[in-house]
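Student:
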Amino acid sequence: MNSREITTQISKTADFLNLKKWDYGASFSNDYSVQVDKGEAKQLKASQKQILTIRVWNQSNLVGITTTSDISESGIKKALKQANIASDFGNKNESTEFSPLAKDPIKVKEVKKRNPVGIKKLLTVLREAEVKLLESHESIKSVPYNGLSESFFERVYANSEGAFRSYSKSQAALYLYARAEEKNKKPRSSGSVKLGYGADDIDIESCIKEASNKTISHLNYSSIKTDKYLICFSPESFLTIINAFSSMFNARSIIDGVSLSNKNSIGEKLSTEALNIYDDGLHEKNISSTPFDGEGTPTKRLCLINRGRIENFIHSESTARIFKTTPTGHAGLGSKVSVSPDWIVVEKSDENFDLKTSLDHSTYEGEFVYIEELNAIHAGVRASQGSFSLPFDGWLYKNGKKISIESATVAGDIKYLLKNIVNIESSQEVTTSGISPHIWVDELSITGDA
Amino acid sequence: MLTSQIKSNEIVFGSCNKDLLEEIIFYGIKLGADFVEIFIENTDNSSVLAEEDFITSVSPSFGKGAGIRIFKGKKDGFVSTNDLTKHGLMRSVSQAIEMLDITDNKKELFNGLNKHRDYSLSKKKWINEVPSIHEISEKLLVSTKSLKKNNKIITRKGSYSRNLQEVIIASSDGTYVSDIRLHQTVGLNVIASDAQYRSSGSRRFGSSGMPNEFRLWDHEKAANDVFESSMNMLYADYVDAGQMPVVLANKFGGVIFHEACGHLLETTQIERGTTPFENKLNEKIAHESVTAIDEGISEGSFGSLSVDDEGMEPEKSVLIKDGILKKFISDRAGELRTGHKRTGSGRRQNYSFAAASRMRNTYIAKGEHSKEDLINSISEGLYCKSMGGGSVGATGQFNFAVEEGYLIKNGKLTSPVKGATLIGEAKEVMPKISMCGNDLELAPGFCGSISGSVNVTVGQPHIKVDSITVGGR
Numbered sequence: 001m002n003s004r005e006i007t008t009q010i011s012k013t014a015d016f017l018n019l020k021k022w023d024y025g026a027s028f029s030n031d032y033s034v035q036v037d038k039g040e041a042k043q044l045k046a047s048q049k050q051i052l053t054i055r056v057w058n059q060s061n062l063v064g065i066t067t068t069s070d071i072s073e074s075g076i077k078k079a080l081k082q083a084n085i086a087s088d089f090g091n092k093n094e095s096t097e098f099s100p101l102a103k104d105p106i107k108v109k110e111v112k113k114r115n116p117v118g119i120k121k122l123l124t125v126l127r128e129a130e131v132k133l134l135e136s137h138e139s140i141k142s143v144p145y146n147g148l149s150e151s152f153f154e155r156v157y158a159n160s161e162g163a164f165r166s167y168s169k170s171q172a173a174l175y176l177y178a179r180a181e182e183k184n185k186k187p188r189s190s191g192s193v194k195l196g197y198g199a200d201d202i203d204i205e206s207c208i209k210e211a212s213n214k215t216i217s218h219l220n221y222s223s224i225k226t227d228k229y230l231i232c233f234s235p236e237s238f239l240t241i242i243n244a245f246s247s248m249f250n251a252r253s254i255i256d257g258v259s260l261s262n263k264n265s266i267g268e269k270l271s272t273e274a275l276n277i278y279d280d281g282l283h284e285k286n287i288s289s290t291p292f293d294g295e296g297t298p299t300k301r302l303c304l305i306n307r308g309r310i311e312n313f314i315h316s317e318s319t320a321r322i323f324k325t326t327p328t329g330h331a332g333l334g335s336k337v338s339v340s341p342d343w344i345v346v347e348k349s350d351e352n353f354d355l356k357t358s359l360d361h362s363t364y365e366g367e368f369v370y371i372e373e374l375n376a377i378h379a380g381v382r383a384s385q386g387s388f389s390l391p392f393d394g395w396l397y398k399n400g401k402k403i404s405i406e407s408a409t410v411a412g413d414i415k416y417l418l419k420n421i422v423n424i425e426s427s428q429e430v431t432t433s434g435i436s437p438h439i440w441v442d443e444l445s446i447t448g449d450a
Numbered sequence: 451m452l453t454s455q456i457k458s459n460e461i462v463f464g465s466c467n468k469d470l471l472e473e474i475i476f477y478g479i480k481l482g483a484d485f486v487e488i489f490i491e492n493t494d495n496s497s498v499l500a501e502e503d504f505i506t507s508v509s510p511s512f513g514k515g516a517g518i519r520i521f522k523g524k525k526d527g528f529v530s531t532n533d534l535t536k537h538g539l540m541r542s543v544s545q546a547i548e549m550l551d552i553t554d555n556k557k558e559l560f561n562g563l564n565k566h567r568d569y570s571l572s573k574k575k576w577i578n579e580v581p582s583i584h585e586i587s588e589k590l591l592v593s594t595k596s597l598k599k600n601n602k603i604i605t606r607k608g609s610y611s612r613n614l615q616e617v618i619i620a621s622s623d624g625t626y627v628s629d630i631r632l633h634q635t636v637g638l639n640v641i642a643s644d645a646q647y648r649s650s651g652s653r654r655f656g657s658s659g660m661p662n663e664f665r666l667w668d669h670e671k672a673a674n675d676v677f678e679s680s681m682n683m684l685y686a687d688y689v690d691a692g693q694m695p696v697v698l699a700n701k702f703g704g705v706i707f708h709e710a711c712g713h714l715l716e717t718t719q720i721e722r723g724t725t726p727f728e729n730k731l732n733e734k735i736a737h738e739s740v741t742a743i744d745e746g747i748s749e750g751s752f753g754s755l756s757v758d759d760e761g762m763e764p765e766k767s768v769l770i771k772d773g774i775l776k777k778f779i780s781d782r783a784g785e786l787r788t789g790h791k792r793t794g795s796g797r798r799q800n801y802s803f804a805a806a807s808r809m810r811n812t813y814i815a816k817g818e819h820s821k822e823d824l825i826n827s828i829s830e831g832l833y834c835k836s837m838g839g840g841s842v843g844a845t846g847q848f849n850f851a852v853e854e855g856y857l858i859k860n861g862k863l864t865s866p867v868k869g870a871t872l873i874g875e876a877k878e879v880m881p882k883i884s885m886c887g888n889d890l891e892l893a894p895g896f897c898g899s900i901s902g903s904v905n906v907t908v909g910q911p912h913i914k915v916d917s918i919t920v921g922g923r
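Chains A and B, in that order, are what the protein sequence lines are. Every letter in the first sequence is one number past the one before it in the numbering used here, and letter 378, counting from 1, is 378. Every letter in the second sequence is one number past the one before it in the numbering used here, and letter 313, counting from 1, is 763.
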């Protein structure tokens, strides 16, 4: 069944079961991926997946839900029946409705349709990439984590009031993580990830170069003394920390009491006036963009922090109703609807007079720690408490030299971090999770082995 | 060639699918595969969330799918699909054969499937024995009410999930098994707040194959434990960073061994060349007080299995005996690529993942000391009563968050501290586990890795690590 036929089938079956109000979200995908090991194919993988999530409102307007991979007539009937049973346990305290924007026009980025290049070509490309990476430096002995994949999928949202949205797209990803070994030294590892709309769009050479350069740059390493340091966050690492604490802007988290913000936090000063943060799922550089969320609300650009102050929260239909505003296009589709950001864009505002502009990661000659990548986010972030303690890859810059830091963590508090931003560099960089310039923060604690 | 008559054109759970499975496997062998494996599952899951004094989410789900894996030499191709018809499964076999670019004429023999090993016979009734949504909801609400012990508790959550997975595994070495797996977990979480102070507490419990376990769960004890933990940590200061001796509590303290060492003993790590223990078999890799075990046979434990996802019964594997490395955790691909015999550890999250060597119930065996012996032996250090999650990097570095920690001074527990992270490398830390307590206990958890998220148990007695880096402020 295609998405129109599924909608018709759900409608027909819902009528048969006397279910008046329903909506559904579905995704259909075909994925292909390869991994290699020293020139040999290691695992080649293909998958065909279909997932259907149906919500049903009962006569008391309580919602029940069921998810299934069985999109046959009998599977749809069973899912509707189960959702109806689950609706007896629907949340009486917080009602869910259709998004008022579920029929609004959506902006779909015009992207040329890509066709699968096929497993054989993926394998050839990855083999060549592995060889080039191994040949790029004598210390690079293996590429233990590697993969090239392409995915073709369709997302659908429809409801019993006639809303219907469908969106098809493709995406490809290449990751290369090299391992370098030198005598009497610990192995060092680093890598690079690149995305594209299709496998042919991926900048393979830059992925190889980046993985090689990053790995080699960590070959000479040293422990760092435990102390407080001036820190320069790479665009990637700053976006990681903002995403980890995005519950500050999340209306669902605020209602649930797990956010550092509260309903009255709009306007609260979090940082220097030089800081602007947006969520911009439709940004032209966001390859993973989708034009509508799980409830069918159109995706849009939303300012989260304006000149250092909280400007907006991200919402689902129900949180928007509670906050007396409109949904923002950040909802999932679940029994309890989740809310999450799409793609964070960090910018320097025009109110940037208090910044120490001499702090530039490529020219600054004083002592500082450069954090390239933060690790183990799931273990080291306490979003509800605002604290973090995270291992990182990075360098200590001292006396005009840089040396890779061995086994260290950076710890602090997100509000302290934001308040202590001392410079936002001008040039932004595109990463897989958003766009940001380098961000400088004063006096963060680093624990090292020295 | 098998010439059995095809009785069904689609896999039907609860029926004999032997003829159809044989035809599909034979089809793969005929096309030149060295080995063909079919993993088929049928799932029936549900989860319930209680927040404060209300049920806020009930999420049932169900589905079917198949994962087909073809080996040619040491290469493998894996295809997953929701189409369980003969046509769909054969198309998946063709796709895997095409991916592997198999063109040679060398044909393996396939003598048909062995006698069906049906581990599901006594388990078919489980679906009717597990608690109903209504029963679950009532107990969760009682549990969250039990957490309401003072006005500093600002959020209370109770969550339950039940996964019932029916599997059929067949492969060209004759393996033909069926099983039903039941996993239930229940967790409690609180956030406490007072002025600028905040803390949280959480505990998770889990079982496999025990439909009544949720009914027997002592929610009062669990609620008291979570409440006390959050209160103890509410006004805690941040820990000072540095190198120090630590005592790790039993139960979930075992996550340190799981992350720091257990993953490095999986053959997938040998395949990648990312374990420092690759050539250390029968060599000393840990302090002589350490004996470590991985097994899938403890009744009711979260990581236990009747049969692994490649159709092999799990064994009890002594990984480290008195500090000496004795065994790696291996699956079919691991045996093929590294030579280490399979241990019944081929596991996957579901049909869309190829099985890989994964831990099951993994723990450090008990020693002779009391918890007090360990603490009394330290003049200044850290007691990690409750651990959060952790991870291990590509070069073997690990880190763990300490959820509930206390300073040790002159052999006594003193003030609570927060924000601690334990950092190190297995190779360096394992020889520093100098004392093991006599109070081994296990705790359930979820482990995410190459073949998805699988249920595991971690465990240990109280252990002392002579020196480790503690990250703080």
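Note that the Cβ used here is the ideal one computed from N, Cα and C, for glycine as well. Remember, predicted model here, so these are calculated numbers, not experimental data.
#1: State buried or exposed for Leu452(B), treating a residue as buried only when at least 16 other CB atoms are found within 10 Å of its CB.
#2: Would a check of beta-carbon distances place Asn93(A) closer than 7 Å to chain B?
#3: Leaving aside the five residues before and after Lys791(B) along the sequence, list all residues of the same chain whose C-beta is less than 8 Å from its C-beta, in chain order.
#4: Is any beta-carbon of chain B found at less than 7 Å from that of Gln465(A)?
#5: Decide yes or no for the touch test of the region 390–404 of chain A against the region 358–372 of chain A: beta carbon pairs closer than 8 Å, at least 3 of them.
#6: For chain A, is any of its Cβ atoms less than 7 Å away from the one on Arg606(B)?
#7: When the Cα atoms are used, what is the spatial distance from Ser465(B) to Gln43(A)?
#8: Taking the beta carbon of Pro105(A) as the centre, do at least 16 other beta carbons fall within 10 Å, making it buried, or is it exposed?
#9: Which same chain residues end up closer than 6 Å to Asp31(A) when comparing Cβ atoms and leaving out the 5 residues on each side of it in sequence?
#10: Bridge partners of Gly723(B), per DSSP?
#11: Using a Cβ-Cβ cut-off of 7 Å, state whether Pro144(A) counts as contacting chain B.
#12: Looking at chain A, is there any beta carbon in it that lies within less than 7 Å of the beta carbon of Ala642(B)?
#13: Chain B beta carbons: is any one of them nearer than 7 Å to that of Asp227(A)?
#14: Are the C-beta atoms of Gln545(B) and some chain A residue less than 7 Å apart?
#15: Let's test the definition: count the other Cβ atoms within 10 Å of the Cβ of Asp503(B) and tell me whether it reaches 16, buried, or not, exposed.
#16: So Leu684(B) and Ala742(B) are supposed to be a Cβ contact under 8 Å. How far apart are they, rounded?
#17: Can you name, in chain order, every residue of its own chain whose Cβ lies under 8 Å from the Cβ of Val757(B), other than the five neighbours on each side?
#18: Would you tell me roughly how many angstroms separate the C-alpha atoms of Ser338(A) and Ile770(B), rounded to the nearest one?
#19: Taking just the CA atoms, how far does Pro116(A) sit from Ser168(A)?
#20: Which residues in chain A sit within 7 Å of Met549(B), going by Cβ to Cβ distance?
#21: Using C-beta distances below 7 Å, list every residue in its chain close to Val269(A), excluding the 5 sequence neighbours before and after it, in chain order.
#22: Using a beta-carbon distance below 7 Å, is Phe528(B) in contact with chain A?
#23: Are any of the Cβ atoms in chain A nearer than 7 Å to that of Arg665(B)?
#24: Which bits of chain C does Gly257(A) rub up against, with CB to CB less than 7 Å?
#25: Between the C-alpha atoms of Ile224(A) and Ser899(B), what's the straight-line distance to the nearest angstrom?
#26: Tell me the rounded alpha-carbon separation between Arg876(B) and Lys415(A).
#27: Check Arg810(B) in the structure and name its three-state DSSP category.
#28: Have a look at Asp551(B), Ser650(B) and Glu721(B) and flag the residue whose alpha-carbon is nearest the alpha-carbon of Val258(A).
#29: Mind reading off the beta-carbon distance from Asn613(B) to Gln50(A)? Whole number of angstroms is fine, and I expect it under 8 Å.
#30: So is Pro469(A) in contact with chain B if we call contact Cβ pairs under 7 Å?
#31: Just to confirm, are Ile202(A) and Ala178(A) a CB contact at a threshold of 7 Å?
#32: Should the region 522–542 of chain B be regarded as contacting the region 823–833 of chain B, the criterion being three or more beta carbon pairs within less than 8 Å?
#33: Taking Cβ-Cβ distances shorter than 7 Å, what residues in chain B pair up with Ser387(A)?
#34: Just to confirm before moving on: does the CB-CB distance between Ser170(A) and Gly198(A) stay below 7 Å?
#35: Just to make sure I have the definition right: I need the residues of chain A whose C-beta is within less than 8 Å of the C-beta of Arg648(B). Which are they?
#36: Which bits of chain B does Ser69(A) rub up against, with CB to CB less than 9 Å?
Tutor: This is what the structure gives:
#1: A caution first: Leu452(B) carries a pLDDT of 36, below 50, which makes its placement in the model unreliable, though a value can still be read off. Exposed, because fewer than 16 other Cβ atoms sit within 10 Å of the Cβ of Leu452(B).
#2: yes
#3: Ser780 and Glu785
#4: Because chain A here runs from 1 to 450, residue 465(A) falls outside it and cannot be looked at.
#5: yes
#6: no
#7: 32 Å
#8: exposed
#9: Ser47 and Ser151
#10: Per DSSP, none; premise fails for Gly723(B).
#11: yes
#12: no
#13: no
#14: yes
#15: exposed
#16: So it is not a contact: roughly 35 Å between Cβ atoms.
#17: Arg567, Tyr569, Ile619, Val627, Asp629, Glu763, Pro764 and Gly794
#18: 44 Å
#19: 14 Å
#20: Leu44, Ala46 and Ile119
#21: According to the sequence as given, residue 269(A) is Lys; it is not Val. Gly308 and Arg309, listed in sequence order.
#22: yes
#23: no
#24: Among the protein chains of the structure shown, namely A and B, there is no chain C.
#25: 30 Å
#26: Looking at the sequence provided, one finds Ala at residue 876(B) rather than Arg. Looking at the two C-alpha atoms, the distance is approximately 34 Å.
#27: coil
#28: Ser650(B)
#29: Their Cβ separation, rounded to whole angstroms, is 20 Å, which puts Asn613(B) and Gln50(A) out of contact at 8 Å.
#30: The structure shown does not extend to residue 469(A), since chain A spans only 1 to 450, so no value can be given for it.
#31: no
#32: no
#33: Gly869
#34: yes
#35: Ser384, Gln385 and Gly386
#36: Thr493, Ser511, Phe512, Gly513, Lys514, Gly515 and Asn532
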